[in-house]
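The next block holds one structure in the form of structure tokens; read it before the comments.
Protein chains: 2
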Amino acid sequence: MAGTGDGTVGKALVVLDQVASFGRPVRFSELLDDSPFPKPTLYRFVQTLTNQHMLSYDADRQTYTPGLRLVRLAHAAWEQATLAPMARPFLDALSREVGETVHLAQLDAGQVLYIDKRNAADPIKMYSQAGKVGPAYCTGVGKVMLAFLSDDAADVIITQQSFHKFTPQTLTDEAALRRELADIRTNGYGFDREEHEPGIICVAMPILSEAGRVLGAISVTSTTARTNLAGLEQLVPVLRPAAAKIAQAAQNWSFPDFNTNEEARM
Amino acid sequence: MAGTGDGTVGKALVVLDQVASFGRPVRFSELLDDSPFPKPTLYRFVQTLTNQHMLSYDADRQTYTPGLRLVRLAHAAWEQATLAPMARPFLDALSREVGETVHLAQLDAGQVLYIDKRNAADPIKMYSQAGKVGPAYCTGVGKVMLAFLSDDAADVIITQQSFHKFTPQTLTDEAALRRELADIRTNGYGFDREEHEPGIICVAMPILSEAGRVLGAISVTSTTARTNLAGLEQLVPVLRPAAAKIAQAAQNWSFPDFNTNEEARM
DNA sequence: CTCAAAGTCTCAATATATGAAACTTGGTTT
DNA sequence: AAACCAAGTTTCATATATTGAGACTTTGAG
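Structure follows, in structure tokens:
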């Protein structure tokens, strides 16, 4: 329950999230229909956020979208609080070497947050970009990060998962996921076996600090038309040192040790 | 003005901006030294923002950076509230055709906000450059957008400019800028004559709606080592239709489906 | 023209934010 | 070790901003 409970600011951010989650310009009344706040309260929040450029308002259509100030702020976040700046040269090299789509991801609030990406020369028709979020339980990078978290940190996140069945291969219960995570811990890497999108497979490698803490993950993605799991597994000797180098770069830059802390405070 | 005055939410956002502006992990006391807020107030803001993942806190170093939630939210903003999604194919084509660095920018709060970019070498790099802000009075895209704003909108922004002299060519007073803007209005496009960075020149074209409203701008950037202003001017016949097509795509972005009741379908 | 829906404003009650001061913690000096 | 200092954290009475029922205004449909 990260949303409410943090006073006025927390409530305003609930509204921001709500607008962002629509994925399209949204009217005031649409927000109101599904808002925990009464009309005038929601109205003032939306006004304040618009004043502050956290939302932008299209007067012609009377619709709201997330605002440009977020793009400005996110640039700072991306450069200061993610692995992207230090991972960049290694992602470039990895992309060149394997010639497939490469992802860099981190965990945020129990979800996979894609931080950076390199497209294959022949790009897969697949929707992912920096800033995009995905489920942790059915993506390669997600499972690999979960597998190497501390037990209690993993527990918190696992219970948050929806276990929605995206494809016939999606793991749809906690027990199956935990078995998979144990396998990943044994191997040191993991796969996405068309669990999120049909025809899309990947091999993923965690980025671990010296102390063994999960910093993020990288993955190489392809299609069943182009290769198979065995083919991807052959890339492990390329992925492993790339992940190690990113971890080392993070260490040298004194990357903040990630607080996958106990959100279950109060 | 825009900062404070919007209640608790506005004040919290001042703190967020402050952290982002540091450009590096920052300690509580550093924030306090330059904060309008007394210690406990600032402390609570920082706590709240951290709870909300708008800031992230490194417990070891006791430092704050902008949080990952911003990256998530900015993705939504980038896709819904900027020209980037509809400009993408045209930027790709432009980049291929001219073989130089291409920028897409919009105005935000009197500043140039870079929305997307194409390098000659590797294509899509999301927030590496997107999200960066620049001055309006001494960049090609900035001047071109100012030139086609309504008089009073331009006035507001012009008075906000710092007129800092980045290079010997920088326009350092309002009168010189206004003369330049008049020229740009006449020509329909503008240049950056090493006004922001020595050796860097560009040609920029506004993206105007049918009604003549400024939506954004595109530019092609190069160096004095590689070409000159006359060389860049030859690209105008390529830039103009690109800007026009982006404007048209933006126009078509109207969702004609929304106003009709969806209940009627079921 | 009439009516309903959407959007905006008002104001007293109330919850919330505020910040001076006191306290705790961690590290440095004597 | 003890004393000191700076950074960070907590408390609590007070002031202030938030809240939301309701009323008002605008918009657009029929």
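Here the protein sequences come in this chain order: A and B.
Note that my numbering has the first sequence beginning at 1, numbered continuously upward.
Note that my numbering has the second sequence beginning at 1, numbered continuously upward.
Cβ coordinates follow ideal geometry from the N, Cα and C atoms, glycine included.
Residue i - partner residues in DSSP beta bridges
{"i": "C138 (chain A)", "result": "Paired residue(s): none; C138 (chain A) is not in a bridge."}
{"i": "V220 (chain A)", "result": "A:V102 and A:V203"}
{"i": "S56 (chain A)", "result": "A:T65"}
{"i": "Q111 (chain B)", "result": "B:D108"}
{"i": "D116 (chain B)", "result": "B:L104"}
{"i": "V133 (chain B)", "result": "B:L113"}
{"i": "V26 (chain A)", "result": "A:Y64"}
CB contact flag (residue i, residue j, <7 Å)
{"i": "V19 (chain B)", "j": "Y64 (chain B)", "result": "yes"}
{"i": "V144 (chain B)", "j": "V9 (chain A)", "result": "no"}
{"i": "A87 (chain B)", "j": "L73 (chain B)", "result": "no"}
{"i": "D151 (chain B)", "j": "A130 (chain B)", "result": "no"}
{"i": "R193 (chain A)", "j": "Q161 (chain A)", "result": "no"}
{"i": "A250 (chain A)", "j": "L215 (chain A)", "result": "yes"}
{"i": "G110 (chain A)", "j": "G190 (chain A)", "result": "no"}
{"i": "A84 (chain A)", "j": "E100 (chain A)", "result": "no"}
{"i": "A77 (chain B)", "j": "V71 (chain A)", "result": "yes"}
{"i": "A136 (chain B)", "j": "V112 (chain B)", "result": "yes"}
{"i": "V98 (chain A)", "j": "L235 (chain A)", "result": "yes"}
{"i": "Q269 (chain A)", "j": "R27 (chain A)", "result": "The structure shown does not extend to residue 269 (chain A), since chain A is modelled only from 1 to 266, so the question has no answer here."}
{"i": "A242 (chain A)", "j": "F37 (chain A)", "result": "no"}
{"i": "K39 (chain B)", "j": "L32 (chain B)", "result": "yes"}
{"i": "T227 (chain B)", "j": "C202 (chain B)", "result": "no"}
Same chain only: Cβ atoms within 6 Å of residue i, ignoring 5 sequence neighbours per side
{"i": "V15 (chain A)", "result": "F45"}
{"i": "F258 (chain B)", "result": "Because F258 (chain B) sits at a pLDDT of 31, beneath the cut-off of 50, its placement in the model cannot be relied upon, and the following sentence gives the value as read from the coordinates. Counting only Cβ-Cβ distances below 6 Å, and skipping sequence neighbours, we find nothing."}
{"i": "H196 (chain A)", "result": "C138, T139 and F166"}
{"i": "L177 (chain A)", "result": "Y137 and L171"}
{"i": "S35 (chain A)", "result": "L42"}
{"i": "K245 (chain A)", "result": "F90"}
Spatially closest choice to residue i from the options, by CA coordinates
{"i": "M309 (chain A)", "options": "A:N187, A:E174 and A:E194", "result": "In the structure as shown, chain A begins at 1 and stops at 266. Residue 309 (chain A) is therefore absent and cannot be evaluated."}
{"i": "I157 (chain B)", "options": "B:L107, B:E195, B:E180 and B:A59", "result": "B:L107"}
{"i": "D60 (chain A)", "options": "B:L42, B:A211 and B:D60", "result": "B:A211"}
{"i": "R118 (chain A)", "options": "A:L42, A:R185 and A:I218", "result": "A:I218"}
{"i": "F148 (chain B)", "options": "B:V220, B:A182 and B:T159", "result": "B:A182"}
{"i": "G23 (chain A)", "options": "B:Y43, B:F22 and B:H75", "result": "B:H75"}
{"i": "L273 (chain B)", "options": "B:P237, B:N252 and B:E79", "result": "Nothing can be reported for residue 273 (chain B), as the shown portion of chain B is limited to 1 through 266."}
{"i": "A276 (chain B)", "options": "B:R213, B:S29 and B:L229", "result": "This structure cannot settle anything about residue 276 (chain B), because the visible part of chain B is limited to 1 through 266."}
Residues near residue i by beta carbon distance below 8 Å, same chain, minus five either side
{"i": "S273 (chain B)", "result": "No statement about residue 273 (chain B) is possible, as the shown extent of chain B runs from 1 to 266 and does not include it."}
{"i": "G199 (chain B)", "result": "T223, T224 and A225"}
{"i": "T48 (chain A)", "result": "A12"}
{"i": "D58 (chain B)", "result": "P25, Y64 and T65"}
{"i": "R240 (chain B)", "result": "G188, Y189 and M205"}
{"i": "S21 (chain B)", "result": "none"}
Cβ-heavy atom distance, residue i to the ligand NAD, below 6 Å
{"i": "A93 (chain B)", "result": "For the ligand NAD, the structure offers nothing, since it holds no ligand at all."}
7 Å Cβ shell around residue i - same chain, five flanking residues per side excluded
{"i": "F163 (chain A)", "result": "Y137, T172 and D173"}
{"i": "A154 (chain B)", "result": "L146"}
{"i": "M54 (chain A)", "result": "L16, G67, R69 and L70"}
{"i": "G142 (chain A)", "result": "V112, G134, P135 and A136"}
{"i": "I184 (chain A)", "result": "K143, V144, A147 and G190"}
{"i": "E79 (chain B)", "result": "P85"}
{"i": "E180 (chain A)", "result": "K143 and L171"}
| request: Would you list, in sequence order, the uninterrupted beta strand (DSSP E) runs of no fewer than 3 residues that lie entirely inside the stretch 150-217 of chain B? | output: 190-193 and 200-208
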